[in-house]
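In the working numbering, the protein residues as written are 10 to 141.
Here it is, written out as structure tokens:
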């Protein structure tokens, strides 16, 4: 049963990544957004996800429905729980910078960094599955 739940989590993360790929094709260039980079403390992954989620609606995309769908999926408890890479104690000790402290980058870089975060979560889940 545990393996089936992990499979579903991996599928959900991959589905979000595919939506991101489709959304990327409809983005208008020139938008600058606060963009966390992949070198952040792993225990800050939840706050990084919140930063990305908050900025998804600021992207200038022609596919507004897809943009809203991605925003909602990034709030899905299944996605959120898979971004928690640390124990509660480790997360509470982590000093996570606020979203507006990250440098502003163009929409292509924003999407690239969000994709990396999703891939990291997918890889972690897949690794957990192979260890069982």
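The beta-carbon is built from N, C-alpha and C at its ideal position, and this holds for glycine as well.
| Are the stretch 66-73 and the stretch 89-102 touching, with three or more C-beta to C-beta distances below 8 Å? | Contact between the stretch 66-73 and the stretch 89-102 is absent: fewer than 3 CB-CB pairs across the two stretches fall below 8 Å.
| task | Go through the stretch 103-138 residue by residue and report every complete run of the beta strand (DSSP E) that reaches 3 residues or more, in order. | result | Runs of the beta strand (DSSP E) inside the stretch 103-138: 113-115.
| task | Look up residue 42 in the DSSP assignment and say whether it is helix, strand or coil. | result | Here residue 42 refers to the residue found at position 33 of the chain shown. Strand, per DSSP.
| task | Counting only runs of 3+ residues fully inside the stretch 19-71, write out the beta strand (DSSP E) ranges in chain order. | result | Counting whole runs of 3 or more residues, the stretch 19-71 contains the beta strand (DSSP E) stretches 41-43.
| query | First and last residue of the alpha helix (DSSP H) that includes residue 80? | reply | Locating residue 80 in the chain shown gives position 71, where the first residue counts as 1. Counting along the chain, the alpha helix (DSSP H) containing residue 80 begins and ends at 73-82.
| task | Using the Cα positions of residue 109 and residue 62, report the straight-line distance between them to the nearest angstrom. | result | Locating residue 109 in the chain shown gives position 100, counting from the first residue. Locating residue 62 in the chain shown gives position 53, counting from the first residue. Answer to the nearest angstrom: the Cα atoms are 13 Å apart.
| query | Given that a residue counts as buried once 16 or more other Cβ atoms are within 10 Å of its Cβ, and exposed if not, what is residue 47? | reply | Here residue 47 refers to the residue found at position 38 when the chain shown is read from its first residue. Result: exposed.
| task | Would you mind sorting residue 131 into buried or exposed? The rule is 16 or more other CB atoms within 10 Å of its CB. | result | Numbered from 1 along the chain shown, position 122 holds the residue referred to as residue 131. Looking at its Cβ environment, which holds 16 or more other Cβ atoms inside 10 Å, residue 131 is buried.
| task | Would you kindly report the start and end of the unbroken alpha helix (DSSP H) that includes residue 87? | result | Looking up residue 87 in the chain shown gives position 78. Segment 86-91, the alpha helix (DSSP H) holding residue 87.
| query | By how many angstroms is the C-alpha of residue 119 removed from the C-alpha of residue 129? | reply | Residue mapping note: residue 129 aligns to position 120 of the chain shown, counting from 1. Residue mapping note: residue 119 aligns to position 110 of the chain shown, counting from 1. The straight-line gap from Cα to Cα measures roughly 16 Å.
| Of the choices 106, 36, 58 and 99, whose alpha-carbon is the least far from that of residue 80? | The residue given as residue 80 occupies position 71 in the chain shown. Ranking the options by Cα distance to residue 80, first place goes to 58.
| request: Could you tell me which of 117, 42 and 54 sits nearest to residue 104, measuring between CA atoms? | output: By 1-based counting over the chain shown, the position of residue 104 is 95. Closest option to residue 104, Cα to Cα, is 54.
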